[in-house]
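Under our numbering, the first residue of the sequence shown is numbered 3, with each subsequent residue one higher.
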Amino acid sequence: MRHIASVSFGKDSLAMLLILIARGYPLDEVVFYDTGMEFQAIYDTRDMIIPLLQENGIQYTELQPKEPFLYKMLERPVCKRGTKIIHKYGYSWCGGTCRWGTTEKLQALEKHCKGAVEYVGIAADEASRLEKERKGNKAFPLADWGMTERDCRKYCYHKGFKWLEDGIELYSILSRVSCWCCGNKNLKELKLIHRHLPKYWNRLKELQTKTDRPMKGEGKSVFDLEQRFLKEKRISEDGDIHHGGARWIKKNS
Ligand code: SF4
Numbered sequence: 003m004r005h006i007a008s009v010s011f012g013k014d015s016l017a018m019l020l021i022l023i024a025r026g027y028p029l030d031e032v033v034f035y036d037t038g039m040e041f042q043a044i045y046d047t048r049d050m051i052i053p054l055l056q057e058n059g060i061q062y063t064e065l066q067p068k069e070p071f072l073y074k075m076l077e078r079p080v081c082k083r084g085t086k087i088i089h090k091y092g093y094s095w096c097g098g099t100c101r102w103g104t105t106e107k108l109q110a111l112e113k114h115c116k117g118a119v120e121y122v123g124i125a126a127d128e129a130s131r132l133e134k135e136r137k138g139n140k141a142f143p144l145a146d147w148g149m150t151e152r153d154c155r156k157y158c159y160h161k162g163f164k165w166l167e168d169g170i171e172l173y174s175i176l177s178r179v180s181c182w183c184c185g186n187k188n189l190k191e192l193k194l195i196h197r198h199l200p201k202y203w204n205r206l207k208e209l210q211t212k213t214d215r216p217m218k219g220e221g222k223s224v225f226d227l228e229q230r231f232l233k234e235k236r237i238s239e240d241g242d243i244h245h246g247g248a249r250w251i252k253k254n255s
C-alpha cells in the first residue's frame, strides 16, 4: 500500500515528515495543498524540503483549489440557497463557521490519498482534532510518538526551520501559521501582525476594501481593528511616558 504524508509545511507536519524520513518509515509521496494564501515563510520551507525529498526518492505533489482563493472570496457569484438568484459575489472571509477554503482542502486531500495510508501531522496534545480525524487509513505518527505541538516546534527549530518573515519568527506571534488572511486569527494575533508584519497587514486592509463583511464581525473590520490597535499603542506609550516621568521625579526629589 502507498504511504503519503500530508504536509502543510507548518511546524507539526514538518516535524512529522522529518522524523518519518529520519527513522525510515515507508513513505512514497508528500502532498501539499497550496491555498495560494500561505505566508512566504511556508513557501520558503517547502523549497528547503523539496531537495530532501528528491534525495530520498519521495514523490512531491502540490494540489491547488479548483478556483483561485481570491476569486472565491471576492468575485464568485453566490446564489440564494435552492435558487438561481445571485445574492452576492464571493464568500468573503474564510474562517469560523464559514471555512469554505478548508472544506475544499480536506476534500481534495481525501480524494488524493484514497486507497493509501495518509500520515497526518496532528500533535499528541490535540485530542479533539485526533478524535475527529481518526477514520479510514489515516495514521497519526506524532500522537504515536507522544509529540506535542511544543515538541514539534522545538524539533523544527533545532533542525534550523524558523519560519522567518521580515526577521520575525512567525510562531512567536501566531499559534498556527495558516493562511495569512485566515478569519480564525484571534485579535491578539492580528494585533501582532499589525505591529510586526505591515506588509501582510496592508494586504488585509486591501482585502477588507473589497468585501463588505468585517473580518472579525460587526465593528471589527480590519480598519476598525487598526484604529483600536493604534489607540491602544498610544495609551500604552502615554502610560510609559507618565510612568517614566514619575520615576524621574522620584529619583530626583
Ligand atoms: S487556514 Fe483559514 S483561510 Fe485558510 S483555508 Fe483554513 S480556514 Fe480558510
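Built from N, CA and C at the ideal position, the CB exists for glycine as well.
Exercise for the section: Report yes if the C-beta distance between L144 and A125 is below 8 Å; otherwise report no. Expected result: yes
Exercise for the section: Pick helix, strand or coil for L199, following the three-state DSSP scheme. Expected result: coil
Handout entry: Strand pairing of S8, partner residues [DSSP]
Key = Answer is V33, V122.
Handout entry: Reference M75, options I6, L172, K212, R25, closest by Cα
Key = K212
Practice task
Flag this pair as touching only if the region 159 to 169 and the region 129 to 141 have three or more C-beta atom pairs under 8 Å; answer yes or no.
Solution key: no
Exercise for the section: Identify every run of the alpha helix (DSSP H) within the region 26 to 107, keeping only runs that are complete inside it and at least 4 residues long; order them along the chain. Expected result: 42 to 57, 71 to 76
Problem - As assigned by DSSP and simplified to three states, the class of L166 - result: L166 falls in the strand class under three-state DSSP.
Practice task
With DSSP as the reference, label E135 as helix, strand or coil.
Solution key: helix
Handout entry: Candidates N204, D49, E64, P216, of which the one nearest T37 by Cα
Key = E64
Exercise for the section: Indicate whether L111 and V33 have their beta-carbon atoms separated by less than 8 Å. Expected result: yes
Practice task
Take I170 and list the residues in its own chain whose beta-carbon comes closer than 8 Å to its own, dropping the five residues that flank it on each side.
Solution key: H198, L199
Exercise for the section: For ligand 1, enumerate in chain order all residues having a CB closer than 5 Å to any of its heavy atoms. Expected result: Selection output, chain order preserved: C96, G97, R101, G103, T104, S180, C181, C184.
Exercise for the section: Look at K96 and I88 and say whether their C-beta atoms are less than 8 Å apart. Expected result: Going by the sequence as given, residue 96 is Cys instead of Lys. No, the pair does not count as a contact, with Cβ atoms beyond the cut-off.
Handout entry: Pairwise C-alpha distance: Y45 and M279
Key = In this structure the chain extends from 3 to 255, so residue 279 is not present and cannot be described.
Handout entry: Alpha carbon of K156 to alpha carbon of I51, nearest angstrom
Key = K156 and I51: Cα-Cα distance of roughly 18 Å.
Handout entry: Cβ pair Y91, C100 closer than 8 Å
Key = no
Practice task
Work out the CA separation of S15 and T150 for me, nearest whole Å.
Solution key: 12 Å
Practice task
Leaving aside the five residues before and after V9 along the sequence, list all residues of the same chain whose C-beta is less than 6 Å from its C-beta, in chain order.
Solution key: S15, L19, V32, F34
Exercise for the section: Leaving out five residues on either side along the sequence, give the residues of the same chain with a beta carbon under 7 Å from the beta carbon of L166. Expected result: The answer, listed in chain order, is A43.
Handout entry: Where the alpha helix (DSSP H) containing K13 begins and where it ends
Key = Start and end: 13 to 24.
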